[in-house]
Amino acid sequence: MNPLMLELLPMVRQGYCCSQLLILLMLQARDQQNPDLVRAMQGLCHGIGQSDGPCGLLTGGACALALAAGKGADDETAHPMLTPLLNEYATWFYERVNPYGGISCGCIATGLGAASGGAVTDATPDPVACGDLLAECWEKILELAENYELDLTAVQTGPMP
Numbered sequence: 017m018n019p020l021m022l023e024l025l026p027m028v029r030q031g032y033c034c035s036q037l038l039i040l041l042m043l044q045a046r047d048q049q050n051p052d053l054v055r056a057m058q059g060l061c062h063g064i065g066q067s068d069g070p071c072g073l074l075t076g077g078a079c080a081l082a083l084a085a086g087k088g089a090d091d092e093t094a095h096p097m098l099t100p101l102l103n104e105y106a107t108w109f110y111e112r113v114n115p116y117g118g119i120s121c122g123c124i125a126t127g128l129g130a131a132s133g134g135a136v137t138d139a140t141p142d143p144v145a146c147g148d149l150l151a152e153c154w155e156k157i158l159e160l161a162e163n164y165e166l167d168l169t170a171v172q173t174g175p176m177p
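So for the sequence shown, the numbering used here puts the first residue at 17; every next one is plus one.
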């Protein structure tokens with residue numbers, strides 16, 4: 017199991033899902049707490065309410081990056097490279113999960129379950145199997161933040177550089 021997942025396991029046991037965990041990691045990196053945001057991220061859990069929607073690691077990762085680089089107030093501007101940043105994360109994610117047959121939570125959960133020796137027909141997210149992908153997503157987010165020169169610790173006040 018990925019060391020990051022060991023750190024996150026208590027939060028998984030408390031009922032946080034993948035999209036919430038990514039935003040919690042971003043908030044932690046920024047030394048912030050925002051229960052309303054974490055609560056809102058639950059709307060992305062399990063493919064948007066078991067609707068076979070996109071994986072929360074895709075949508076949650078995009079939200080985590082936008083938290084660091086997006087516009088959040090009238091006097092702010094988004095990072096000038098926000099769109100390419102989000103596109104690069106999405107493209108990486110699509111390529112990473114391509115072997116599982118799609119970007120839906122169900123496809124990925126089934127694929128990860130099969131890859132780890134689990135039941136191929138079970139589309140329920142497995143915290144251990146999904147946890148390794150979550151750790152890869154977080155590592156990619158950190159890599160992109162560095163490549164796009166985002167200061168994850170900075171709380172934005174005003175225009176982005």
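The beta-carbon is built from N, C-alpha and C at its ideal position, and this holds for glycine as well.
Where T99 is concerned, the enclosing alpha helix (DSSP H) starts and stops at L98 to V113. The residue from R112, Y110, G88 and L81 with its alpha-carbon nearest to that of T99 is L81. C153 and G63 have their C-alpha atoms spaced approximately 16 Å apart. At the C-beta level, L83 and R46 come within 9 Å of one another. According to the DSSP assignment, A80 belongs to the alpha helix (DSSP H) that extends over G72 to A85. Listed as beta-bridge partners of S120 by DSSP are P70. The beta carbons of G129 and A145 sit closer together than 9 Å. For S132, there is no enclosing alpha helix (DSSP H), as DSSP marks it with neither H nor E. Less than 9 Å divides the Cβ of L43 from the Cβ of L53. DSSP, read as helix, strand or coil, puts Q58 in helix.
Rounded to the nearest angstrom, the gap between the Cα atoms of P70 and G76 is 10 Å. Apart from the 5 residues on each side of it in sequence, L37 sits with its Cβ closer than 7 Å to the Cβ of L24, M27 and L150 in its chain, given in chain order.
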